[in-house]
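A.B. asks: Protein chains in written order, with our numbering: chain L, 642 to 821; chain Z, 642 to 821. Ideal Cβ placement from N, Cα and C applies to all residues, glycine included.
1) Roughly how many angstroms lie between the CA atoms of residue 774 of chain L and residue 821 of chain L, to the nearest whole one?
2) In whole angstroms, give me the CA-to-CA distance for residue 726 of chain Z and residue 794 of chain Z.
3) Can you tell me which of Z:705, Z:780, Z:770 puts its alpha carbon nearest to the alpha carbon of residue 754 of chain Z?
4) So, with DSSP's three-state summary, where would you put residue 702 of chain Z?
5) For the segment 758-782 of chain L, which residues have a beta carbon sitting closer than 9 Å to at least one beta carbon of chain Z?
6) Within the same chain, show all residues whose beta-carbon is closer than 8 Å to that of residue 714 of chain Z, passing over the 5 residues directly before and after it, in chain order.
7) Helix, strand or coil: which one does DSSP assign to residue 818 of chain Z?
8) Would residue 695 of chain Z and residue 677 of chain Z qualify as a contact pair, given that the criterion is a beta-carbon distance under 8 Å?
9) Which one or two residues does DSSP pair with residue 648 of chain Z in a beta bridge?
10) Tell me the rounded alpha-carbon separation between residue 749 of chain Z and residue 654 of chain Z.
11) If contact is defined by three or more beta carbon pairs under 8 Å, each pair taking one atom from either stretch, is the segment 795-808 of chain Z in contact with the segment 756-770 of chain Z?
12) So residue 729 of chain L contacts chain Z; which residues on that side make the cut at Cβ distance below 8 Å?
13) What did DSSP end up calling residue 803 of chain Z once you bin it into helix, strand or coil?
14) Name, going along the chain, the residues of the segment 667-699 of chain Z whose beta-carbon falls closer than 7 Å to a beta-carbon of chain L.
15) With 8 Å set as the bound, which would you pick, yes or no: does the beta-carbon of residue 662 of chain Z sit closer than that to a beta-carbon of chain L?
16) Using the C-alpha atoms, what's the distance from residue 724 of chain L back to residue 759 of chain L?
17) Rounded to whole angstroms, what is the Cα-Cα separation between residue 809 of chain Z and residue 818 of chain Z?
18) According to the Cβ coordinates, are residue 771 of chain Z and residue 742 of chain Z closer than 8 Å?
If you want it as structure tokens, here you go:
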């Protein structure tokens, strides 16, 4: 059994402007199987609250935490785990060799996603700079694709323990079941 | 050769609040191989401009257009093509039977992505209500995963004709090449 953990660090958040995007990064991290999310201190508390509220309602054991010094956190992470930085400038994930290396490792993983401005040092600290294609698009999409490939799509069938509601998949309309 | 086209319709945009998210939907649509994006009239012109600027710089023939009546547009689309609605309430894409049906069709496809509030009628108009997992996350991520599965990952290797710059994939740092 693999007890390896995978966390997401979102950097480059711009207050107000990125409010929804950072929230989406957090919800994607949770829904696609990551164990937790680290945020910069400047991120609005309402982002943290929205993600925690989703965890409360929809279940799972997903951790959200703000960091005083994200770069130093990345440095220290390297003592125990792998750092994967998702960037359009990196090596394309379509070449699966990097992904296979990451999958075959047993170390914990920190997936770093930025916005438009990422400190240069991160490119050097990262063990892997991976591009989800080399076109400009979205850190939300990049994170989803990375986790989807990492878990081979199985994350979409995951069960979230402690959920208060769950969806009954339906070809038409909305069916929600109250669990507790 | 399959000349089928695939377009994205983004509905449920909330001005200001969804400015970045709708921009990301557009950039993901383009980067992941869709032919164009339809938006509601209330979407800020700056969203359209940002997406068009990316097309100008990074190439490709991606169309962006606002619609006066999106619901009527969906109705009329059904005369010539398939409507796929991405919603967390739908049938999970992890069951590949729907995806295979869509792939094997030769009709044009309209992928509808909403936010939190989507008119009920869309669930009925859609030929397929598909969930990218039945957890709350992000229309940006949902669109990326749908297109990635639809194109079997090949979209990440796509060439965008007429690009003025392109990235030289790199294991460290940023390498950009001016093409014209």
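C.D. replies: The structure says:
1) As a position in the first chain, residue 774 of chain L is number 133, starting the count at 1. As a position in the first chain, residue 821 of chain L is number 180, starting the count at 1. Whole-angstrom Cα-Cα distance: 42 Å.
2) Counting from one through the second chain, the residue named residue 726 of chain Z turns up at place 85. Counting from one through the second chain, the residue named residue 794 of chain Z turns up at place 153. The straight-line gap from Cα to Cα measures roughly 20 Å.
3) To locate residue 754 of chain Z, count along the second chain from 1; it is residue 113. Ranking the options by Cα distance to residue 754 of chain Z, first place goes to Z:780.
4) As a working note, residue 702 of chain Z is residue 61 in the second chain. In the structure shown, residue 702 of chain Z sits in coil (DSSP, three-state: anything other than H, G, I, E or B).
5) 761, 764, 765, 767, 769, 770, 772, 773, 774, 775, 776, 777, 778, 779, 780, 781, 782
6) Taking the first residue of the second chain as position 1, residue 714 of chain Z is located at position 73. For residue 714 of chain Z, where only same-chain residues beyond five positions count, the Cβ hits under 8 Å are 650, 679, 708.
7) Here residue 818 of chain Z corresponds to residue number 177 of the second chain, with the count starting at 1. Strand.
8) Position 54 of the second chain holds residue 695 of chain Z. Position 36 of the second chain holds residue 677 of chain Z. Between residue 695 of chain Z and residue 677 of chain Z, the gap from beta carbon to beta carbon reaches 8 Å or more.
9) Sequence index remark: in the second chain, residue 648 of chain Z carries index 7 (1-based). Beta-bridge annotation (DSSP): residue 648 of chain Z is paired with Z:677, Z:751.
10) Within the second chain, the letter at position 108 stands for residue 749 of chain Z. Within the second chain, the letter at position 13 stands for residue 654 of chain Z. Approximately 24 Å between the Cα atoms of the pair.
11) A contact is defined here as three or more CB-CB pairs under 8 Å, and the segment 756-770 of chain Z fails this definition with respect to the segment 795-808 of chain Z.
12) One-based indexing of the first chain puts residue 729 of chain L at position 88. Those within 8 Å of residue 729 of chain L in chain Z are 808.
13) As a first step, residue 803 of chain Z must be located in the second chain, where it is residue number 162. The answer is coil: DSSP assigns residue 803 of chain Z none of H, G, I, E or B.
14) Within the segment 667-699 of chain Z, the residues whose Cβ lies closer than 7 Å to some Cβ of chain L are 668, 669, 672, 695, 699, listed in chain order.
15) Along the second chain, one-based indexing puts residue 662 of chain Z at 21. True, the Cβ-Cβ gap to chain L drops below 8 Å.
16) For the purposes of this step, residue 759 of chain L is taken as the residue at position 118 of the first chain. For the purposes of this step, residue 724 of chain L is taken as the residue at position 83 of the first chain. Approximately 15 Å, taken between the alpha carbons.
17) Taking the second chain and counting its residues from 1, one reaches residue 809 of chain Z at position 168. Taking the second chain and counting its residues from 1, one reaches residue 818 of chain Z at position 177. Computed Cα separation, rounded: 7 Å.
18) Here residue 771 of chain Z refers to the residue found at position 130 of the second chain. Here residue 742 of chain Z refers to the residue found at position 101 of the second chain. For residue 771 of chain Z and residue 742 of chain Z, no; Cβs fall outside 8 Å.
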